[in-house]
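Input: a single structure, listed below in structure tokens.
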Amino acid sequence: MENFNQIETNILNRIKNVNDHKSLDLVKTEIFGKKGIITELFQKIGNLDQGHRKEFASKLNNLKIKVTELLEKKLIDFDQSEINKKLRNEKIDVTLPGRTYFAGKIHPVSQVIDEVTSIFSEIGFSVEEGPDVENEYYNFSALNTPENHPARDMHDTFYLDRSKNLLLRTHTSPVQIRTMLKSKPPFKIIAPGRTYRHDSDQTHSPMFHQLEGLHIDKNVNMGHLKGCLYYFVKKFFEVEKVKIRFRPSHFPFTEPSAEVDIGYKIQDGKIKIGEGDKWLEILGCGMVHPNVLKNAKVNPKQYQGYAFGVGIDRLAMLKYGINDLRAFFESDIRWLEFYGFDPLDVPTNYRGLSR
Amino acid sequence: MITSLSWLKNHLTTKANLNQVAERLTEIGLEVENIKSSNDNLDNFIVCKIIKSQKHPNADKLKLCDVDVGSGGLIKVVCGASNARDGLFAVYAPPGAVIPKTNMKLKVAKIRGIESHGMLCSGYELDESSDKEGIIELNKKEKNIGDKYFKNVGEKTMDIAITPNRPDCLGVRGIARDLASSGLGNLKKESSAKINQKFKSPIKVSIKKEKIQGCGIFGSVYIKNVQNKESPDWLKKRIISLGLKPISAIVDVTNYVMFDLNRPLHAYDANKIDQEIIVRNSKKGESFEALDNKKYTLQNNMCAISDKAGVLGLGGIIGGTRSGTELSTKNILLESAYFLPSSIRKTSKILNIDTDAKYRFERGIDPDSIKLGLELGMSMILEICGGEASKFSIVGKIKDERKIIDLEIEKFSKVIGFSITGAEIKKILHSLGCTLKMSGKKIKVLPPTWRPDIKEDIDLIEELTRIKGYDKVPLINPEKENIKDVLNYKQKLFHFSQRSVASKGFTEAITWSFTDSKTDSLFSELKNEIKLSNPISSDLDVLRSSLYSNLIISAKKNIHRNFEDLMLFEIGPVFKGNKPGEQSTMIGAIKTGKYSRKNWIEKERNFDVFDIKSDALRTLNEVGIDNSRITVSNKTKKWYHPGRSGLLSLGSTSGPELAYFGEIHPSIIKKLDLRTDNILGFEIFLDNVPESRKKIREAKPQYMVSDYQKVVRDFAFVIDAKYSSGEIINLVKKIDKELIKSVKIFDVYQGDNITPGKKSIAFNVTLEPKDKTLSEKDIDQISKKIISTVQEVTGASLRS
Chain A
-19 MENFNQIETN ILNRIKNVND HKSLDLVKTE IFGKKGIITE LFQKIGNLDQ GHRKEFASKL
41 NNLKIKVTEL LEKKLIDFDQ SEINKKLRNE KIDVTLPGRT YFAGKIHPVS QVIDEVTSIF
101 SEIGFSVEEG PDVENEYYNF SALNTPENHP ARDMHDTFYL DRSKNLLLRT HTSPVQIRTM
161 LKSKPPFKII APGRTYRHDS DQTHSPMFHQ LEGLHIDKNV NMGHLKGCLY YFVKKFFEVE
221 KVKIRFRPSH FPFTEPSAEV DIGYKIQDGK IKIGEGDKWL EILGCGMVHP NVLKNAKVNP
281 KQYQGYAFGV GIDRLAMLKY GINDLRAFFE SDIRWLEFYG FDPLDVPTNY RGLSR
Chain B
18 MITSLSWLKN HLTTKANLNQ VAERLTEIGL EVENIKSSND NLDNFIVCKI IKSQKHPNAD
78 KLKLCDVDVG SGGLIKVVCG ASNARDGLFA VYAPPGAVIP KTNMKLKVAK IRGIESHGML
138 CSGYELDESS DKEGIIELNK KEKNIGDKYF KNVGEKTMDI AITPNRPDCL GVRGIARDLA
198 SSGLGNLKKE SSAKINQKFK SPIKVSIKKE KIQGCGIFGS VYIKNVQNKE SPDWLKKRII
258 SLGLKPISAI VDVTNYVMFD LNRPLHAYDA NKIDQEIIVR NSKKGESFEA LDNKKYTLQN
318 NMCAISDKAG VLGLGGIIGG TRSGTELSTK NILLESAYFL PSSIRKTSKI LNIDTDAKYR
378 FERGIDPDSI KLGLELGMSM ILEICGGEAS KFSIVGKIKD ERKIIDLEIE KFSKVIGFSI
438 TGAEIKKILH SLGCTLKMSG KKIKVLPPTW RPDIKEDIDL IEELTRIKGY DKVPLINPEK
498 ENIKDVLNYK QKLFHFSQRS VASKGFTEAI TWSFTDSKTD SLFSELKNEI KLSNPISSDL
558 DVLRSSLYSN LIISAKKNIH RNFEDLMLFE IGPVFKGNKP GEQSTMIGAI KTGKYSRKNW
618 IEKERNFDVF DIKSDALRTL NEVGIDNSRI TVSNKTKKWY HPGRSGLLSL GSTSGPELAY
678 FGEIHPSIIK KLDLRTDNIL GFEIFLDNVP ESRKKIREAK PQYMVSDYQK VVRDFAFVID
738 AKYSSGEIIN LVKKIDKELI KSVKIFDVYQ GDNITPGKKS IAFNVTLEPK DKTLSEKDID
798 QISKKIISTV QEVTGASLRS
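As they're listed, the protein sequences go chains A and B.
Heads up, the final residue of the first sequence is numbered 335 in this note's numbering, and it's a clean run with no missing numbers.
Heads up, the final residue of the second sequence is numbered 817 in this note's numbering, and it's a clean run with no missing numbers.
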């Protein structure tokens, strides 16, 4: 048994001198193969006498564990050095551009419609729509704007027939009438949509977008109108405080009527909404005229409420600092990409309206 | 409506300054749009003294003057006036000033080789007289040098936006009344001068009885022996401040009264009236020359003021040159009448005339102001031009259509949200000119004659709120309770699909709902285009029947700007007819150019039909339509490449159309000069996307997976080219619907080694057993069945 130590040293040295996978496999066979050194030693155990057997078996087992660990370590080392070698040859220029992907954008008007809808949905409004082509009755007469009324001059109208009965709606207000006629009060709706006026210059575009609001119930008064719009303006411009002014005005379909101004100032060449001593008109509103309710088959002795109309494009311009209204509809890809929004930016109440 | 503080003070006693007045006006609904100096330019004109005047060295008729303008040194001015002489006080205009008559802006200029710094002005150039000869000679002293020549031009004017319901505020007095009512001063009593009117007007006036007579009342006064002249300074300045030109005292007075009392007047040269005035309806073809120097030919039934010889003018709209006053006019007839708004509006629309008088009459003039207007106009003319006035002649009468309104005091707080006392109501309405009578909880109110807009109680409530102040309305926080769902299915679909398409790389455009008929017809199957009667321009003359029209026009503009790789889409209405509701909601998307251009890692290639097909399909998948419900066929529309386009329909080929996709027809690309060789597009019919009756959680079957190995086998056939991949897939799938999970085409080839008219097609079939692991025998069996079925049905041969 004196040569057990010798054998052990011998084995360990052979493993130590192994330099690659192939010779490692060879050494493995030499040690653990059918006729391998350790295999043969194990076979000898049976021939030993009782007194030596236990000690030898234990020694041999320890040697086996030691050798196995050593072989495994060698294997890992080789794998590692092979990987390292590979890695040294696999350096690429990661500053090169990646594969093509396409990112689209949402138009600012669509984004603002979503923002506004989100805000009004929080205070109980639902969304209604109406057709772009209207007849004279819904667009004017039902809204207490009889023919030959000078108020009609405020709306330059696109007509589709000679008798001037069919037209492109000049405002979203006809949706008020359609909504009330098809259902029963109470009503609490907003109606965003395309509107058209025969007007085209720096600040007017023949098509633009409006948002109509209507709230009719038994006890809705002008204070509710004020509260609703104050809430809206504050939320929309995402400011804590906002200076807001209700100023008497005239629309045939509301009485009393008001225009709403918000305070602003110019700071570092940019408009700042909410403070300052300048006023900017942003919407028109009022208490729905009893004649309009009558035309919509709602009893004005029982029901009353407010309506408002706001220019969506104008809201977008103010909030996002866009100067030229007409550029909205020119589809210049540079403009659309500059002012557009990521499709994943869905305005919600809980995540916030805008990033 | 333009006015100034000093003019307001003719009617209002107030201590308020201009800013306070402007602020209050805006608060009560008379919005002051801006405040400006009536004419800043006039401040440029300065009293000067010619120190020395000598002959221009290079011109006989010109003079070279050294002028003292009070700025220290002397200024050299070249002047052509013969009266320019040493020691003369004159009016100097520096470079930068605009000459009122010619609107010419002065510059430092060389005149015959000598620089002239400004100009010495004639009365003609300053629009003050018709005298072109010589410069103005002033009677001034040394201390006046450097003074502004135009006094009081510094007075600022307010431009007030008057809403159509407030004709009364188209006169200064109406504005003053509102201010007084709001507590900013007291309204002065109307002053009436005592004039001796002894004789009867020699000109007979009659209003002819007509079916629809546009004139209700015709009041007039005859003034003889007047001496028409330039208006006095104060009047001229008022007229100029309105943005009008002073013409003569008589004309200026009529304008002044119109703006002062909202009471249009008209002055006729009485000597030019042929015997009498007849107010009658015109006959078609009658014509007259109006004061705007245009000749108008009339239709039937326009309200014509005429005499024995014919039409003199259009009542309440414009007078005629035949009876116009001149400086030489000796006798005048001054008219103060009431014309019906509807008649005025109709006539002026047909003839396209807009005048200050028309603007006022169509909104409603106080029918009770006839005499008031005559009195003020007459006394001003007598004062300025002298003469003798006749007794007033007032012909005609109109019905007082005012009704007594019952106002319940409590209704105010119910509508407005705060309360008001009966006493306050009385005070405010009284100050606005209403006549009131208490009757229990109600107040009986008769509105004044100048307020045609006050018809019912809500109008009175508005008046009360306006005068009390909108800031008194309380702010009530909104309730956060929903009556119904915020969005319905169609609306959700709209918003979802919008972002779905954008997330595929398309940028959203919003274009007009109208477009160019020539372009739209390329993408339309409508029999009749939907024409606008009054398009904004000839290339926006129809409502679009396709989203492609404007998208392609937009693409063209971008491509021509060298943005050649583009992906654009729009979601919105297209029109099928010109009636309300004849529209549908669609998505149109186009892509053009290359998928990858000059790319180091990817092969450069154009966008192709399979890019756009995937975009359309994925969008439909995302809005909830599974591929298993979509049938792809080669049905197409005329605006697509006939061989490179198709239809995605719901269920079967003949099911509802979900989307067309494909390459835009090459002849359209050429015709529209798009400068690209490929435009791909899809159109999704959102209205055809069905609403699922079940929520996703209800519609999904139970989750089941097979524990057994799936098996994939490849097949390749040479097959007649007429068979589409879709047909082969369907054929194979049908062989064992349980076992065959999917069939995927991975290669299609035509060319070398393949007989013309045939194609090689390779696909793999995935088998997913549900109850056991497939044995080699099982797999063999199904493979053989696939091969034999394809061969039998299509005559294909297996490719080795």
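Positions of the beta carbon are idealized from the N, C-alpha and C atoms, including for glycine.
This one's a predicted model, so the numbers in the text were calculated from it and none came from an experiment.
Point to revise | Contacting positions in the region 219 to 230 of chain A - beta carbon closer than 9 Å to chain B | key: Cβ contacts with chain B: Arg225, Phe226, Arg227, Pro228, Ser229 and His230.
Check your understanding: Does the beta-carbon of Tyr141/B have 16 or more other beta-carbons within 10 angstroms, so that it is buried, or is it exposed?
Key -> Burial check for Tyr141/B: the Cβ neighbour count within 10 Å reaches 16 or more, so the residue is buried.
Check your understanding: Hey, Gly193/A and Arg158/A: beta-carbon distance below 8 Å or not?
Key -> Not in contact: Gly193/A and Arg158/A (Cβ atoms no closer than 8 Å).
Exercise for review: Evaluate the contact criterion for the region 87 to 104 of chain A versus the region 207 to 218 of chain A: three or more CB pairs, one atom per stretch, below 8 Å.
Suggested key: The count of Cβ pairs closer than 8 Å, one atom from the region 87 to 104 of chain A and one from the region 207 to 218 of chain A, reaches three, so the stretches are in contact.
Practice item. Quickly, what does DSSP pair Pro590/B with across the bridge? List them, please. Key: For Pro590/B, which the question treats as bridged, DSSP gives the partners Thr602/B.
Check your understanding: In terms of residues, what are the limits of the alpha helix (DSSP H) holding Met160/A?
Key -> Counting along the chain, the alpha helix (DSSP H) containing Met160/A begins and ends at Pro154 to Lys162.
**Study point:** Contacts of Arg362/B in chain A (Cβ-Cβ under 7 Å)
**Key:** Near Arg362/B (Cβ distances below 7 Å), the residues of chain A are Asn128.
Review point. If we count Cβ pairs, one from each stretch, closer than 8 Å, do we get three or more for the region 277 to 295 of chain B versus the region 332 to 352 of chain B?
Key: Output reads yes: the region 332 to 352 of chain B touches the region 277 to 295 of chain B.
Point to revise | The alpha helix (DSSP H) enclosing Phe212/A, as first and last residue numbers | key: Phe212/A -> alpha helix (DSSP H) spans Met202 to Phe216.
**Study point:** Closer than 8 Å to chain A by CB, Trp467/B
**Key:** Trp467/B does not count as touching chain A.
Exercise for review: Pull out every residue of the region 197 to 214 of chain A whose Cβ sits closer than 7 Å to any Cβ of chain B, in chain order.
Suggested key: Within the region 197 to 214 of chain A, the residues whose Cβ lies closer than 7 Å to some Cβ of chain B are Asn201, Met202, Gly203, His204, Lys206, Gly207, Cys208, Tyr210 and Tyr211, listed in chain order.
Point to revise | Residue(s) in a DSSP beta bridge with Asp488/B | key: As computed with DSSP, Asp488/B is found in no beta bridge at all.
**Study point:** Spatially closest choice to Gly264/A from Asn(-17)/A, Asp59/A, Ala287/A and Ser185/A, by CA coordinates
**Key:** Taking each of Asn(-17)/A, Asp59/A, Ala287/A and Ser185/A in turn and checking the Cα distance to Gly264/A, the smallest one comes out for Ala287/A.
**Study point:** Asp185/B (DSSP reduced to helix, strand or coil)
**Key:** Judged by DSSP in its simplified three-state form, Asp185/B adopts helix.
Point to revise | Cβ distance (whole Å) where Pro323/A is taken to contact Ala519/B below 8 Å | key: Yes, they are in contact, since the Cβ atoms of Pro323/A and Ala519/B sit about 4 Å apart, within 8 Å.
Review point. Should Met297/A be flagged as near chain B, meaning a C-beta pair shorter than 8 Å?
Key: It does not; no Cβ of chain B falls within 8 Å.
Exercise for review: Output the distance between the C-alpha atoms of Lys855/B and Gly203/A, rounded to the nearest integer angstrom.
Suggested key: Lying outside 18 to 817, the shown extent of chain B, residue 855/B is not represented and no answer is given.
Check your understanding: Which of helix, strand or coil does DSSP assign to Val728/B?
Key -> Strand at Val728/B.
Check your understanding: Under 8 Å between C-beta atoms, does Arg617/B make it to chain A?
Key -> Strictly speaking, residue 617/B in this sequence is Trp, with Arg absent from that position. Taking 8 Å as the threshold, the shortest C-beta distance from Trp617/B to chain A falls below it.
Check your understanding: Quick one: Cα of Asp176/B to Cα of Val49/B, how far?
Key -> Looking at the two C-alpha atoms, the distance is approximately 6 Å.
Review point. Relative to the alpha-carbon of Val115/B, which residue among Ser70/B, Ile153/B, Glu150/B and Leu59/B has its alpha-carbon at the smallest distance?
Key: Among Ser70/B, Ile153/B, Glu150/B and Leu59/B, the Cα nearest to that of Val115/B belongs to Leu59/B.
Check your understanding: Along chain A, in chain order, which residues have C-beta atoms closer than 9 Å to that of Tyr487/B?
Key -> The answer, in chain order, is Met202, Lys206, Arg225, Phe226, Arg227, Pro228, Pro236 and Ala238.
Point to revise | Cβ-Cβ distance between Glu542/B and Val559/B below 8 Å | key: Annotated as distal: Glu542/B and Val559/B, with beta-carbon spacing of 8 Å or more.
Review point. Is it true that the CB of Val274/B sits closer than 8 Å to the CB of Leu393/B?
Key: Cβ atoms of Leu393/B and Val274/B: closer than 8 Å.
Review point. Closer than 8 Å, CB to CB, is Gly104/A near chain B or not?
Key: At least one chain B Cβ lies under 8 Å of Gly104/A.
Check your understanding: Got a sec? Which residues, its chain only, sit under 7 Å from Asn575/B by beta carbon, not counting five neighbours each side?
Key -> So the qualifying residues of the chain are Leu583.
Point to revise | Residue closest to Asp141/A, alpha-carbon to alpha-carbon, out of Ser90/A, Ala122/A and Glu116/A | key: Out of Ser90/A, Ala122/A and Glu116/A, Glu116/A has the C-alpha closest to the C-alpha of Asp141/A.
Review point. From Lys281/A to Leu161/A, what does the alpha carbon distance come to, in whole angstroms?
Key: Answer to the nearest angstrom: the Cα atoms are 17 Å apart.
Point to revise | Interfacial residues, the region 157 to 186 of chain B to chain A, with Cβ spacing under 8 Å | key: So the close ones are Thr180, Pro181, Asn182 and Arg183.
Check your understanding: Any chance the region 372 to 389 of chain B sits against the region 462 to 471 of chain B, with 3 or more Cβ pairs inside 8 Å?
Key -> Taking 8 Å as the limit for Cβ pairs, the verdict is that the region 462 to 471 of chain B does touch the region 372 to 389 of chain B.
Review point. Using the beta-carbon of each residue, which ones in chain A are nearer than 7 Å to Ser359/B?
Key: Taking a Cβ-Cβ cut-off of 7 Å, the neighbours of Ser359/B in chain A comprise Asn128, given in sequence order.
Review point. Roughly how many angstroms lie between the CA atoms of Leu756/B and Glu52/A, to the nearest whole one?
Key: Whole-angstrom Cα-Cα distance: 46 Å.
Check your understanding: Quick one: is Ile335/B buried, meaning 16 or more other Cβ sit within 10 Å of its Cβ, or exposed?
Key -> Buried, by the Cβ-count rule.
Point to revise | Cβ-based neighbour list, Pro165/A, same chain, cut-off 7 Å, excluding 5 preceding and 5 following | key: Around Pro165/A: Ile196, Asp197, Val278 and Tyr283.
Review point. Is Leu29/B helix, strand or coil when you go by DSSP?
Key: Assigned with DSSP and collapsed to three states, Leu29/B falls in strand.
Review point. Do Ala296/A and Pro126/A have their C-beta atoms within less than 8 Å of each other?
Key: No. Outside cutoff.
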